[in-house]
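Each remark here refers to the structure printed beneath this line.
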Amino acid sequence: MDPDGVAGPALSFDGIDDYIDLGPGMNLGTNDATISIWYKIDAKPTSAAGVIGKSVYGPTKGRYSILWSANYITSMFHGNTEVSAKNGWQTSYYDGQWHQLTAVYARSSANSVYVDNELLASANISNSTTYNMKNTALWLIGAYGNSNGNAPQPNYYCKGSLVEARLMFQAVSEDWIWASHRNIAFNNSFNEYGTPVSNMSNGTIIELR
């Protein structure tokens, strides 16, 4: 457990055998989707690791996930073909602070990956607009699936702290990513429907977008 989460306590993963198994469900079917998670690491990864998603170590269709390696942060989507959107690391991404990772799968256009509210890379997936994304692989956090999709792949475990994992069956906008990031990164509490946001003094500037 990492008590210093971005919004309450987070889970700490040792990079050896820690992971969360959410079962073989959460198939996308023909839906658009967005997955996101907050992470904290204080060094650039030295090897490949699964972060979040439905992953298989091999060319199995119907998988989608965020993973990273020593060189890249990658969002992978395998419909009719395997398509990866990836970009290299910046030192600010492994500075011991919390960052939001987001992958957006807009089936008629692109697979896009973001750190915080910054677009890292995008790749065309329109050839899989109507492909039924379905398989029996496990949906994992902190690890990458093996060749059968029924357990983690050895040595593909994530080292660091993770929190606020989400899956939505819609492709969110860049404005949504921006707002989601700022709501957690720059607030010390969540806003609830029907309650005041805060008691602000005169002269407070509210940034809207």
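As numbered in this note's numbering, the sequence shown has no gaps in its residue numbers, which increase by one up to the final residue, 675. By construction, the Cβ of each residue, glycine as well, lies at the ideal position given by its N, Cα and C atoms.
Whole-Å CB distance - residue i paired with residue j, under 8 Å assumed
i: L628; j: W504; result: 7 Å
i: D483; j: L606; result: So it is not a contact: roughly 12 Å between Cβ atoms.
i: V581; j: L604; result: The Cβ separation is near 25 Å, so there is no contact.
i: S541; j: R632; result: Not a contact, Cβ separation roughly 14 Å.
i: S558; j: S575; result: At roughly 28 Å, the Cβ-Cβ gap does not stay under 8 Å, so S558 and S575 are not in contact.
i: N601; j: T526; result: 6 Å
Reduced DSSP category for residue i - H, G, I as helix; E, B as strand; rest coil
i: D480; result: strand
i: Y559; result: helix
i: N614; result: coil
i: N537; result: coil
i: S574; result: coil
i: N493; result: coil
Residue i, enclosing alpha helix (DSSP H) - first and last residue
i: R632; result: Unbroken run through R632 is the beta strand (DSSP E), 625 to 634; no alpha helix (DSSP H).
i: W644; result: 640 to 651
Per DSSP, the bridge partner or partners of residue i
i: Y530; result: K520, F543
i: G474; result: V472
i: A609; result: Y623
i: A499; result: Y571
i: W504; result: Q566, V629
i: Y580; result: T568, L585
i: M599; result: G495
Limits of the beta strand (DSSP E) - the one that residue i falls within
i: K552; result: 548 to 554
i: K510; result: Per DSSP, K510 belongs to no beta strand (DSSP E) and is neither H nor E.
i: I590; result: It is worth fixing the name first, because residue 590 is Asn in this sequence and not Ile. Per DSSP, N590 belongs to the beta strand (DSSP E) from 584 to 590.
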